[in-house]
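Q:
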Amino acid sequence: MNPLSKLTIESTATLSSGRKIPLLGLGVWQNGSPIPACEAAFDAGYRHIDCAIVYRNEEDVGTAVRESTVKREDIFVTSKVSSRWHGYDIALKAIDDSLNRFKLDYLDLYLIHDPFSGKAKRLETWRALIKRRDEGKLKSIGVSNYGVKHLEEIEEAGLETPSVNQIELHPWCQQRPIVEYCEKHNIVIEAYSPLTRGKYLDDPMLQSFAKKYRKDGAQILIRYSLQKGWVPLPKSSQTSRVLSNSQVYDFELNADEMKKLDALDKGKDGAVTWNPVDAP
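Read in order, the letters of the sequence shown correspond to residues 2 to 281 in the working numbering.
#1: Can you tell me the Cα-Cα spacing of Phe117 and Pro235, whole angstroms?
#2: State the CB to CB distance for the pair Ala95 and Ile54, rounded to an integer number of angstroms; the pair is presumed to be in contact (CB under 8 Å).
#3: Out of curiosity, what's the CA-to-CA distance linking Ala65 and Ile36?
#4: Look at the alpha carbon of Ile131 and the alpha carbon of Glu191, and state the distance between them as a whole number of angstroms.
#5: Does Ser141 come out as helix, strand or coil in the three-state DSSP assignment?
#6: Would a C-beta distance cut-off of 9 Å place Pro23 and Phe77 closer than the cut-off?
#7: According to DSSP, is Thr197 part of a helix, a strand, or is it coil?
#8: Using C-beta distances below 6 Å, list every residue in its chain close to Ala158, excluding the 5 sequence neighbours before and after it, in chain order.
#9: Since Tyr107 and Ile142 should fall inside the 8 Å C-beta cutoff, what is the C-beta to C-beta distance between them, to a whole number of angstroms?
#10: Quick one, which of Leu25, Trp86 and Asp44 has its alpha-carbon nearest Thr79's?
#11: Are Cys39 and Asp61 closer than 9 Å when you measure CB to CB?
#12: Compare the Cα-Cα distances from Gly88 to each of Asn58, Ile113, Arg73 and Leu105 and report the closest residue.
#13: What is the C-beta distance between Ala219 and Leu244, in whole angstroms, given that I count them as a contact (C-beta under 8 Å)?
#14: Which parts of the region 163–198 are runs of the alpha helix (DSSP H), unbroken and 4 residues or longer, counting only runs that do not cross its ends?
#15: Name the one or two DSSP bridge partners that Ile113 has.
#16: Look up His49 in the DSSP assignment and say whether it is helix, strand or coil.
#17: Find the nearest neighbour of Ser247 within the set Ala42, Ala14 and Val29, judged by alpha-carbon distance.
#18: When burial is assigned at 16 or more other CB atoms within 10 Å of the CB, is Thr126 buried or exposed?
#19: What's the gap between the Cα of Ser17 and the Cα of Asn32?
#20: Could you have a look at Ser12 and say whether DSSP puts it in helix, strand or coil?
#21: May I have the straight-line CA-CA distance separating Met259 from Met206, to the nearest angstrom?
#22: What would DSSP say about Leu234, mapped onto helix, strand or coil?
#23: If I measure Cβ to Cβ from Glu59 and keep anything under 7 Å in the same chain, skipping five residues before and after, which residues do I get?
#24: Closest to Gln228 by C-alpha separation, out of Glu136, Asp263 and Asp204, would be which residue?
#25: According to the neighbour-count rule (16 or more other Cβ atoms, all chains shown, within 10 Å of its Cβ), is Lys122 buried or exposed?
#26: Quick check: the Cα distance between Lys140 and Glu11, rounded to an integer number of angstroms?
#27: Using only the alpha-carbon positions, how far apart do Asp257 and Ser69 sit?
#28: Buried or exposed: which applies to Asn166, given that a residue is buried once 16 or more other Cβ atoms fall within 10 Å of its Cβ?
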């Protein structure tokens with residue numbers, strides 16, 4: 002990863018697979034027509050789109066990728082399989098179905114979307130992802146919404162460590178035990194809902210930083226996430242917002258400001274999503 006002062010929209014992190022993941026991604030959850038947002042993202046310099054089966058828009062994201070003037074190999078595409086399709090054989094089919102909907106030969110990253118299926122099915126599903134990765138259909142594999150115990154069970158089963166764990170992350174929900182585990186085990190941390198679904202955008206401290214840097218609260222939160230070493234995935238269906246969310250490379254939060262934002266952590270009480278990291 003580049004030093005903070007050198008962060009650009011082209012900055013990447015290196016996954017344990019050896020592949021590069023762009024640090025800024027566009028989330029497409031709740032976007033029933035994501036093609037305009039994807040096109041705006043590519044025009045703004047994004048090279049990373051975060052999708053999932055349950056978003057029901059893999060087809061449109063695939064169309065945006067295939068029709069873009071950006072080369073396929075330069076666009077990082079993620080999808081996820083939720084617990085409805087967990088288990089070895091059903092997950093293998095779900096991955097194939099994803100690829101068919103995208104109409105792509107491979108996906109750059111595929112994640113287990115949630116841990117709700119229980120230990121046995123989680124491990125079966127992880128083995129399915131490993132198989133499809135080994136076949137070349139997936140370039141890298143990982144998990145989402147995994148707590149430490151879910152990550153530990155993979156290690157205890159003697160299976161390879163996920164390249165990524167995608168969890169809810171922002172100043173009010175920092176998930177520190179999970180982040181510490183991931184950092185120790187070379188797992189890249191992706192931050193979903195980095196903008197808190199708008200809940201905390203009017204926070205006085207956040208607004209004071211926004212005023213200082215002539216930015217908006219969303220831009221401050223994205224910059225915070227990048228400086229934490231995370232991979233933020235802000236979502237928007239508004240093309241103007243897709244662009245503004247990428248305009249975070251002409252300023253840097255200082256150490257004191259980062260410390261003040263860190264101090265806002267409410268632990269699990271700060272979560273604004275389902276955040277199922279404690280699933281049995």
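We put the beta carbon where it would ideally sit given N, CA and C, even for glycine. Owing to the predicted nature of the structure, the values given are computational and were not obtained by experimental measurement.
A: Walking through what the data contain:
#1: 24 Å
#2: The C-beta distance from Ala95 to Ile54 rounds to 6 Å, short enough to fall under 8 Å.
#3: Spanning the two alpha carbons is a distance of roughly 5 Å.
#4: 20 Å
#5: strand
#6: yes
#7: helix
#8: Leu124
#9: Tyr107 to Ile142, Cβ: 12 Å. No contact.
#10: Its Cα nearest to that of Thr79, the residue Leu25 stands out among Leu25, Trp86 and Asp44.
#11: Contact: yes.
#12: By alpha-carbon distance to Gly88, the top candidate from Asn58, Ile113, Arg73 and Leu105 is Ile113.
#13: Going by Cβ atoms, the distance from Ala219 to Leu244 rounds to 12 Å, so no, they are not a contact pair.
#14: 177–185
#15: Val82 and Val144
#16: strand
#17: Ala42
#18: If you draw a 10 Å sphere on the C-beta of Thr126, you find 16 or more other C-beta atoms in it, and that means buried.
#19: 30 Å
#20: coil
#21: 11 Å
#22: Shown here, Leu234 sits in coil according to DSSP, grouped into three states, outside any helix or strand.
#23: Cys52, Ser80, Ser99, Arg102 and Phe103
#24: Asp263
#25: buried
#26: Just so you know, the alpha carbons of Lys140 and Glu11 end up roughly 20 Å apart.
#27: Rounded to whole angstroms, Asp257 and Ser69 show a C-alpha spacing of 41 Å.
#28: Counting Cβ neighbours within 10 Å, Asn166 comes out buried, since at least 16 surround it.
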